[in-house]
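Worksheet for the structure shown next.
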Amino acid sequence: MSMKRQVSYRWRLREMMAARGVFTATELVPLLHERGIDLSASQVHRLVTGTPERLSLPVLAALCDILEVTPADLVVTTAANVAPRKAVAGDAPAPVDLATVRPKRARVRPD
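Numbering follows my numbering, in which position 22 of the sequence shown is assigned residue number 2; successive positions increment by one, without gaps.
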């Protein structure tokens, strides 16, 4: 049995913004626009306050240029081995031998 790995990441945009003196999402909108990225204020707000599951490379490149950081500064990844779950007695029902199970014949009764 192979060992599984659990990977995760931490989005550090807000930390990198503060380190560069950019404190609000609205400050990022014109800076992104200068680099050809047209996002609404609410989209930038979600980018700053949340952790994105998907992010386009042009947006990532623009953020790195604005904040003078690398992608590794914005996204910190971690990975750890996860031990396989051990089955506990009574955790799952016993397997059924399908060779011994037969369907019951249906009876049609007149009304």
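No residue lacks a Cβ here, since even glycine has one placed at the ideal position from N, Cα and C.
>> Please report the straight-line C-alpha distance between G30 and S36, rounded to a whole angstrom.
In response: Residue 30 sits at position 50 when you count from the first residue of the sequence shown. Residue 36 sits at position 56 when you count from the first residue of the sequence shown. Cα-Cα distance, rounded: 15 Å.
>> For a test of the three-state rule: what should DSSP assign to T57, helix, strand or coil?
In response: In the sequence shown, the residue the question calls residue 57 occupies position 77. Residue state, collapsed to three classes: strand.
>> I believe A60 touches Q(-14) by the beta-carbon criterion, under 8 Å. Please report the beta-carbon distance rounded to the nearest angstrom.
In response: On the sequence shown, position 80 is the one that residue 60 refers to. On the sequence shown, position 6 is the one that residue -14 refers to. With a Cβ gap of about 6 Å, A60 and Q(-14) count as contacting.
> For V9 versus S20, is the C-beta distance shorter than 9 Å?
Replying inline: Along the sequence shown, one-based indexing puts residue 9 at 29. Along the sequence shown, one-based indexing puts residue 20 at 40. Against a cut-off of 9 Å, the Cβ pair of S20 and V9 comes out as a contact.
> Once you ignore the five residues that flank H25 on each side, which residues in its own chain have a CB closer than 6 Å to its CB?
Replying inline: Position 45 of the sequence shown holds residue 25. Within its own chain, the residues whose Cβ lies closer than 6 Å to the Cβ of H25, once the five positions on either side in sequence are excluded, are A5, listed in chain order.
> What separation, rounded to the nearest whole angstrom, lies between the Cα atoms of S(-12) and V56?
Replying inline: Translated into positions along the sequence shown, residue -12 becomes position 8. Translated into positions along the sequence shown, residue 56 becomes position 76. When rounded, the distance between both Cα atoms is 9 Å.
>> Between D53 and M(-4), how many whole angstroms is the CB-CB distance? I'm expecting something under 8 Å.
In response: Here residue 53 refers to the residue found at position 73 of the sequence shown. Here residue -4 refers to the residue found at position 16 of the sequence shown. Indeed, because the Cβ distance is near 6 Å, the residues count as touching under 8 Å.
> In whole angstroms, what is the alpha-carbon distance linking P38 and D77?
Replying inline: Here residue 38 corresponds to residue number 58 of the sequence shown, with the count starting at 1. Here residue 77 corresponds to residue number 97 of the sequence shown, with the count starting at 1. The alpha-carbon atoms of P38 and D77 are separated by roughly 56 Å.
>> If distances are taken between C-alpha atoms only, which option among L43, A86 and K(-16) comes closest to V2?
In response: Locating residue 2 in the sequence shown gives position 22, counting from the first residue. When only C-alpha atoms are compared, the closest one is L43.
>> I'd like the list of long-range same chain contacts for P51, defined as Cβ closer than 7 Å, with 5 residues on each side in sequence excluded.
In response: Walking along the sequence shown from the start, residue 51 turns up at place 71. Counting only Cβ-Cβ distances below 7 Å, and skipping sequence neighbours, we find L40 and C44.
>> I'd like to know whether the C-beta atoms of R0 and L47 end up nearer to each other than 9 Å.
In response: Reading the sequence shown from its first residue, position 20 is the one you call residue 0. Reading the sequence shown from its first residue, position 67 is the one you call residue 47. Result yes, Cβ atoms of R0 and L47 sit closer than 9 Å.
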